[in-house]
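S.K.:
2 protein chains.
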Amino acid sequence: MDAPRWLDEREDRAWRGYRRMRRLLDLELARELMQDAGLSEPDYDVLSDLSETPDQRLRLSELADRMLWSRSRLSHHLSRMQQRGLVIREECPSDGRGSVVALTAAGRQAVEAAAPGHVAAVRRHLIDLLTAEEIEALGALTHRVVDHLAAGEQRRGRAEV
Amino acid sequence: MDAPRWLDEREDRAWRGYRRMRRLLDLELARELMQDAGLSEPDYDVLSDLSETPDQRLRLSELADRMLWSRSRLSHHLSRMQQRGLVIREECPSDGRGSVVALTAAGRQAVEAAAPGHVAAVRRHLIDLLTAEEIEALGALTHRVVDHLAAGEQRRGRAEV
DNA sequence: GCCAGGTGGTTGACATGTCATCAAAGCGGC
DNA sequence: GCCGCTTTGATGACATGTCAACCACCTGGC
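Chains as they are written, first to last, in the working numbering: chain L, 1 to 161; chain C, 162 to 322.
1) When you compare each of C:V248, C:V306, C:R234 to S222 of chain C by their alpha carbons, which one comes out closest?
2) Measuring alpha carbon to alpha carbon, tell me which of L:L68, L:A105, L:G17 ends up nearest R84 of chain L.
3) Does DSSP classify S201 of chain C as helix, strand or coil?
4) Step through the CB atoms of chain C and report whether any lies within less than 8 angstroms of the CB of G38 of chain L.
5) Since V345 of chain C and M242 of chain C are thought to touch, with beta carbons under 8 angstroms apart, how far apart are those beta carbons, to the nearest angstrom?
6) Name the two residues that bound the continuous beta strand (DSSP E) containing R89 of chain L.
7) Do you know offhand how far L126 of chain L's Cα is from R316 of chain C's?
8) Please list the residues of the segment 116–141 of chain L that have a C-beta atom closer than 7 angstroms to any C-beta atom in chain C, keeping them in chain order.
9) Is L224 of chain C close to chain L? Criterion is C-beta to C-beta, closer than 8 angstroms.
10) Determine, using beta carbons only, whether Y179 of chain C comes closer than 8 angstroms to chain L.
11) Hey, W176 of chain C and V122 of chain L: beta-carbon distance below 8 angstroms or not?
12) Distance, Cα to Cα, A275 of chain C vs R23 of chain L?
13) Looking only at its own chain, which residues have a Cβ that is under 8 angstroms from the Cβ of L188 of chain L, when we skip the five neighbours before and after it?
14) Using a 10 Å radius around the Cβ and a threshold of 16 neighbouring Cβ atoms, would you call T303 of chain C buried or exposed?
15) Please classify E153 of chain L as buried or exposed, where buried requires at least 16 neighbouring CB atoms within 10 angstroms.
16) Can you tell me whether S99 of chain L is helix, strand or coil according to DSSP?
17) So V119 of chain L and L168 of chain C are supposed to be a Cβ contact under 8 angstroms. How far apart are they, rounded?
18) Classify G96 of chain L as buried or exposed, calling it buried when 16 or more other Cβ atoms lie within 10 Å of its own Cβ.
19) Which same chain residues end up closer than 6 angstroms to L39 of chain L when comparing Cβ atoms and leaving out the 5 residues on each side of it in sequence?
20) My understanding is that G17 of chain L touches G278 of chain C, with C-beta atoms under 8 angstroms, so please give their C-beta distance in whole angstroms.
21) Apart from the five residues just before and just after Y205 of chain C, which ones in its own chain have a Cβ nearer than 8 angstroms to its Cβ?
22) Would you kindly check if the distance between the Cβ of L63 of chain L and the Cβ of Q56 of chain L is under 8 angstroms?
23) What's the gap between the Cα of V100 of chain L and the Cα of E28 of chain L?
24) Is it right to say A151 of chain L is buried, meaning 16 or more other beta carbons lie within 10 angstroms of its own, or is it exposed?
25) What three-state label does DSSP hand L219 of chain C in the structure shown?
26) Check for me: the alpha helix (DSSP H) holding P277 of chain C runs from which residue to which?
27) What does the alpha-carbon distance come out to for the pair E252 of chain C and P203 of chain C?
28) What is the DSSP secondary structure of W176 of chain C, reduced to helix, strand or coil?
29) Contact criterion: CB-CB distance below 8 angstroms. Does R183 of chain C meet it with respect to chain L?
30) Measuring only between beta-carbons, confirm whether V207 of chain C sits less than 8 angstroms from chain L.
31) What residues from chain C crowd round L25 of chain L, counting only those whose CB sits closer than 8 angstroms?
32) Between which residues of its own chain and L219 of chain C is the CB-CB distance below 7 angstroms, once the five residues before and five after are set aside?
33) Alpha carbon to alpha carbon, what distance is there between E11 of chain L and L264 of chain C?
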């Protein structure tokens, strides 16, 4: 193994800052969301993704892919949300194996009630603290990293049989 | 409630990119760390923080604060790591309630074996994909957000009795 | 010195996420 | 049409994290 290239001071600062921010920002957003709307972040993400689709419904696998969740996780989570009346499972007309999740009226109300406050929190704790250039840079850099990771996954998918 | 200020296109791009990156980067780093070194990210963080202290040992509360973990979580996790022989609990000489966690020889070996690969992964999937300006910007922006959140916590701590 | 209240850490019950496995249904070659 | 293989989603066992309750000990006012 070659001598490892450790992180220099600036790199280390960025990396530690990123991890700290991730943790604190998550905690705070989750805290406020739960307090104000009674939803966890995963709840909100599911409802939000569903509410953005034209028909307020999605195939499970499609939703899982969008959210970068495993099918198993989604299935468990939807069962809990279904218990609470936020979503409902329907049969898929075009594929007998499949299911479709749909937003219920209560689910739609829940996202609509939660969204303004949640967006405001995201602004207050992140977006509004950044300059226009930083927002631009953050968008560029995160997408580059995401594309790189997605490409890596592709490669791995082909490689390992 | 005022009309919510939704995110504009650039803000949305940054926010979505951030969340996607967070998820994918985490998964990939955790995957490689487990595969190469048999450690989870929480394991690595504990070992890494301990190995950075002069004496390879810390009070539990001190470690919990540094890691932004609850005491409960730390206690549970240390029990598991202790089972595996990576750390050991000692009595605190100066405070009869307290405990101290110390790195074992095996624990030290584990971090030292894991570190080069992990740093390389962080470089490969994040740091080396960014320009010097982006690294600088990421460091600045994350620290600003962290400071803001920490200040908010302070305020809340005083406010709610 | 002693007691009231705070602090440090552990614990158990519960919520959530992961992994492996499974059944049911689709798909494709023959 | 049939059979093997894949895909979809559900499920159960397990790992991990959270929350509230708890004990032991410290600390400060009296």
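C-beta atoms are modelled at their ideal positions from N, C-alpha and C, and glycine is treated no differently.
M.R.: Put simply:
1) C:R234
2) L:A105
3) coil
4) no
5) Because residue 345 of chain C is not part of the residues shown, which for chain C are 162 to 322, the question remains open.
6) 87–91
7) 18 angstroms
8) P116, V119, A120, V122, R123, H125, L126, I127, L129, L130, E134, I135, E136, A137, L138, G139, L141
9) no
10) yes
11) yes
12) 23 angstroms
13) Missing from the structure shown is residue 188 of chain L; chain L here goes from 1 to 161 and no further.
14) buried
15) exposed
16) strand
17) 7 angstroms
18) exposed
19) L33, A114
20) Not a contact, Cβ separation roughly 22 angstroms.
21) L194, A198, V272, A275, H279
22) no
23) 32 angstroms
24) exposed
25) strand
26) 266–286
27) 23 angstroms
28) helix
29) yes
30) no
31) V306, L310
32) L211, V261, V262
33) 26 angstroms
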